[in-house]
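Under the numbering used here, the first residue of the sequence shown is numbered 1111, with each subsequent residue one higher.
Where a beta carbon is used, it is the ideal one built from N, C-alpha and C, also for glycine.
Data first, discussion second: the structure below is written as structure tokens.
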Amino acid sequence: MATVEERVSRLEGGFDHLATKADVANLKVWIMGLLLTVVVSALLSAANLIVQLL
């Protein structure tokens, strides 16, 4: 029978592919940056369209 340490080490070995809290926090920063870029781009495009129509 396997010891507790061996069983825990096998369980922990299966979690390499899961995201950590730091990974999720980093993803949130990237998503917020992307959202900000999209909003600024849309505003600049709208301003450019308004200037061309005047």
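For T1130 and G1124, the gap between their C-alpha atoms comes out near 14 Å. The DSSP-derived three-state label of M1111 is coil. In this structure, the CA atom of I1160 is about 42 Å from the CA atom of A1132. In this model, T1147 and D1126 are separated by some 32 Å (Cα to Cα).
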